[in-house]
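Presented below is the structure to which this report refers.
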Amino acid sequence: MRIGIFLLAGAALLSAQQPPHEAGDMKAAAGLYMKDSAAIAAGEENFKLVCSGCHGITAEGGRGPNLITGRNARRASDEELFDIIKNGIAGSDMPPSPLDDPKVWQITAYVRNLSAPAYRQPLKGDPAAGKAIYYGKGGCANCHMIRGEGGYLGPDLTNIGMDRNLSQLREGLLEPNKRFTEGFRPVIATLADGTQIKGVAKNNSNYSLQLLDGKGRLHLLDKRELKEANFQEKSWMPANYKDKLSETEVEDLLAFLAQQTIRAPKDSASEE
-7 MRIGIFLLAG AALLSAQQPP HEAGDMKAAA GLYMKDSAAI AAGEENFKLV CSGCHGITAE
53 GGRGPNLITG RNARRASDEE LFDIIKNGIA GSDMPPSPLD DPKVWQITAY VRNLSAPAYR
113 QPLKGDPAAG KAIYYGKGGC ANCHMIRGEG GYLGPDLTNI GMDRNLSQLR EGLLEPNKRF
173 TEGFRPVIAT LADGTQIKGV AKNNSNYSLQ LLDGKGRLHL LDKRELKEAN FQEKSWMPAN
233 YKDKLSETEV EDLLAFLAQQ TIRAPKDSAS EE
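Residue numbers for the sequence shown follow this note's numbering, beginning at -7 and rising by one.
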């Protein structure tokens, strides 16, 4: 059976069976490991050794469920997640862990860190330096908006720190062509007179194309009047940030993006 079907049920059962005096110990252990960057790094190595065979080397799923985006893993408490990793789930493909408790806690911290929004994850970079890169060298504001200011060809980043985890932010920055956000597929539409309009497809059907250009103008195009609609395989976003930015600058930019959230605007580095 698939592991994901049993995850919440297993979590509830294990939580109910846990003696009250152990609950405090579990809470203390969770507090010790969950935000410890060294524990998270060690957990990644242990995960690769004993968990990646089912969940994939990046925890994005295989025989076992995706632990980054899967709702069940995200809904389980730290203590429930520890119990599931340690004891497995009876009647499923999830076996008990062969590791001792400290290493299980490290894996728990790593898995929790993967699924947590970037705003809640430990960061290496300097958000203030990242802000300077975002509006300067990186040129990010040319295509992306934060709080109503910026460009139109990329997704709005006002709440990106809560909408994405850190690995997703990193992938979006360094591998922009790996996947497109819905509503931002790049397209070049050629009109009957040869005029070209470049932008992103907001809606596409057999009969019409709604295209948003770089100036924020929405073009409602009848496909019968188009010479061609050429959907691009590469994003309008530059794919050279690995070369354009140093490792430190990448971490700084990620730290700035991770702080963009509408839930706690006073903590956002975007505020003046």
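Where a beta carbon is used, it is the ideal one built from N, C-alpha and C, also for glycine.
**OP:** Run through the stretch 170 to 224 for me and flag every whole beta strand (DSSP E) of 3 or more residues, listed as ranges in chain order.
**Re:** Fully enclosed beta strand (DSSP E) runs of 3 or longer: 177 to 183, 188 to 196, 200 to 205, 210 to 214 and 218 to 223.
Original post:
Should D185 be labelled buried (16 or more other beta-carbon atoms within 10 Å of its own) or exposed?
Top reply: exposed
Original post:
DSSP three-state call for H13: helix, strand or coil?
Top reply: For H13, the predicted structure reports a pLDDT of 36, less than 50, and the residue's modelled location is therefore unreliable. A value from the coordinates is still provided. Correct three-state label for H13: helix.
Subject >> Residue closest to F176, alpha-carbon to alpha-carbon, out of G153, A193 and E239 >> reply: A193
Original post:
Are at least three pairs of beta-carbons, each pair with one atom in the stretch 117 to 129 and one in the stretch 59 to 75, less than 8 Å apart?
Top reply: no
Subject >> Alpha carbon of E33 to alpha carbon of L246, nearest angstrom >> reply: The sequence given here places Ala at residue 33; Glu does not occur at that position. So the two alpha carbons sit approximately 18 Å from each other.
**OP:** Taking A181 as the reference, give the member of K19, I77, L213 and M137 with the closest Cα.
**Re:** L213
Subject >> Cβ-Cβ separation, M137 to L145 (assumed contact under 8 Å), whole Å >> reply: That belief does not hold up - the Cβ atoms of L145 and M137 are roughly 10 Å apart, past 8 Å.
Subject >> Residue range of the unbroken alpha helix (DSSP H) whose run includes N232 >> reply: Where N232 is concerned, there is no enclosing alpha helix (DSSP H), given that its DSSP letter is neither H nor E.
Original post:
If you draw a straight line from the C-alpha of L210 to the C-alpha of A82, how long is it?
Top reply: 54 Å
Original post:
Is there contact here, the stretch 198 to 209 with the stretch 78 to 92, by at least three beta-carbon pairs under 8 Å?
Top reply: The stretch 198 to 209, when compared against the stretch 78 to 92, does not touch it at the 8 Å Cβ threshold.
Original post:
Comparing alpha-carbon positions, which option in L203, F39 and Q252 lies nearest N105?
Top reply: F39
Original post:
Near G140, what residues of its chain come up, given a Cβ to Cβ distance below 7 Å and the 5 sequence neighbours on each side ignored?
Top reply: Closer than 7 Å at Cβ, skipping near neighbours: no residue.
Original post:
Taking E225 as the reference, which of E239, S238, N169 and E217 has the closest Cα?
Top reply: N169
Subject >> Whole-Å CB distance - D28 paired with A101, under 8 Å assumed >> reply: 7 Å
**OP:** Please work out which residues of its chain come closer than 6 Å, Cβ to Cβ, to L249, disregarding the five sequence neighbours upstream and downstream, and give them in chain order.
**Re:** Same-chain partners within the cutoff: I152 and L161.
**OP:** With a cut-off of 8 Å on the beta carbons, I'd call D235 and G117 a contact; round off their distance for me.
**Re:** The Cβ separation is near 18 Å, so there is no contact.
Subject >> For T240 and Q98, the rounded distance between their alpha carbons >> reply: Inter-residue distance for Q98 and T240 is about 26 Å (C-alpha atoms, whole angstroms).
Original post:
So which of P88, Q113 and A51 has the shortest CA-CA distance to Y25?
Top reply: For the residues P88, Q113 and A51, the minimum Cα distance to Y25 belongs to Q113.
Original post:
Would DSSP call I77 helix, strand or coil?
Top reply: helix
Original post:
With C-beta atoms as the reference, is L59 less than 8 Å away from V103?
Top reply: yes
Subject >> Among S238, P230 and A22, nearest to C132 - alpha-carbon criterion >> reply: P230
**OP:** Could you check what DSSP says for I60 in three-state terms: helix, strand or coil?
**Re:** Note: I60 maps to coil in three-state DSSP.
Original post:
Hey, how far is the Cα of L183 from the Cα of H47?
Top reply: 48 Å
Original post:
Where do the ends of the alpha helix (DSSP H) carrying R162 lie?
Top reply: L158 to L166
Original post:
Between the C-alpha atoms of D70 and S227, what's the straight-line distance to the nearest angstrom?
Top reply: For D70 and S227, the distance between alpha carbons rounds to 37 Å.
Original post:
From which residue to which residue does the alpha helix (DSSP H) around T50 run?
Top reply: T50 -> no alpha helix (DSSP H), and no H or E assigned at all.
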